[in-house]
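Working notes, beginning with the structure itself.
Numbering (full-length UniProt numbering), first residue to last: 1 to 262.
Okay, here's the thing in C-alpha cells:
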C-alpha cells in the first residue's frame, strides 16, 4: 500500500515536471510564431495601402500627403490675402504675401501631381481649417496679428513633420519632388511667421506634447477622378511690393525622365 502511494507520488511529480517543461517550451516558441506569422503589422498595412504607378509605388501616406498639400492651399491662400490687408505691421503683411505666393506655387504643383497619378483632390478646406479662417475673420487689430501668427505657425509646424516623413520614406518620384518643394515652402513660411515676433513658442510646445497622433484618412487610390479641381482662389500679387521684398519661389521640381513620358 505504502509502495503504491510512493509510486503515485512519483508519477504526479514527474507529470508536474513535464507540464512545467512543456509550458516553458510553449512560452519560448509562441513569440517566434506570433511575430513571424501574424497579420496586421506595419509592413502588412503598408503593403495593403500601396498601389503601383509608373512613377513608383504610391503608399497611403503618399496619398494623404498630396491631399494635405492641397488642403493647405485652400485655407492658407485666403488667410495670406487677408493678412496683407488686415495686418497692422509690415512683418505680418509680409508673412501674408509669402503665404499667397508659396501656396499658389504649391497648389499648381500638387494639382499637376494628382492629375498624373489619377487622384481626386478636395475643393474645400476641412472643418478645422474653416474654424481657423472664422477666427481670423472675427479678429481685429493687434489681436488679429497675434491670432494669424500663432494659428499659421502651429499649422505649419505640424505639416513640416509630415513632409519630413514622406520625403524620407516615399518610393514615388513625383511625391519625392513634391515633398522637396513643400519642404522649402513650409520652412520659409515658418521663418517668416516667426519673424513677426508674435509666436508663442510655449503654447506650441504644450500643444505638441498634449496632442495624440491623428488618424490617417486615406485619399482615393488610383484610378480616381481625373478632372482638374481648378484653382481655389485667383491671386494677383500686390503691385505695391518692391522686388526685393517679394518671395523667391523655389524652382519647379524636375519631372520624370523624358522617356517616361512617351
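Think of the CB as a built atom: it goes at the ideal place given N, C-alpha and C, for glycine as much as any other residue.
According to DSSP, what are the bridge partners of residue 51? In DSSP, residue 51 forms a bridge with 58.
Please identify the residue among 87, 146, 173 and 76 whose C-alpha is closest to the C-alpha of residue 159. Closest by alpha carbon: 76.
Taking residue 203 as the reference, give the member of 78, 147 and 177 with the closest Cα. When the alpha-carbon of residue 203 is set against those of 78, 147 and 177, the nearest one is in 147.
State buried or exposed for residue 82, treating a residue as buried only when at least 16 other CB atoms are found within 10 Å of its CB. Looking at its Cβ environment, which holds 16 or more other Cβ atoms inside 10 Å, residue 82 is buried.
Reduced DSSP secondary structure (H/G/I, E/B, other) of residue 276: The structure shown does not extend to residue 276, since the chain spans only 1 to 262, so no value can be given for it.
In three-state DSSP terms, what is residue 92? In this structure, residue 92 counts as helix in the three-state DSSP scheme.
Who are the near neighbours of residue 56 in its chain, counting only those whose CB is closer than 7 Å to its CB and skipping five residues on each side? Scanning its chain for C-beta atoms nearer than 7 Å, with the 5 sequence neighbours on each side dropped, one finds around residue 56 the residues 171, 172 and 173, in chain order.
Measuring alpha carbon to alpha carbon, tell me which of 208, 97, 167 and 72 ends up nearest residue 108. Nearest option by C-alpha distance: 72.
Straight-line CA distance for residue 196 to residue 50? Cα to Cα, residue 196 sits roughly 41 Å from residue 50.
Among 190, 165, 70 and 157, the one whose alpha carbon lies nearest that of residue 126: Closest option to residue 126, Cα to Cα, is 70.
Run through DSSP, which three-state label would residue 140 get? If DSSP states are grouped into helix, strand and coil, residue 140 belongs with coil.
Within the same chain, show all residues whose beta-carbon is closer than 6 Å to that of residue 205, passing over the 5 residues directly before and after it, in chain order. Nothing listed; no residue qualifies.
Just the C-alpha distance for residue 154 and residue 80, rounded to the nearest angstrom, thanks. Looking at the two C-alpha atoms, the distance is approximately 15 Å.
Distance, Cα to Cα, residue 98 vs residue 152? Counting only the Cα atoms, residue 152 lies some 12 Å from residue 98.
Would the beta-carbon of residue 177 fall within 8 Å of that of residue 102? Cβ atoms of residue 177 and residue 102: not closer than 8 Å.
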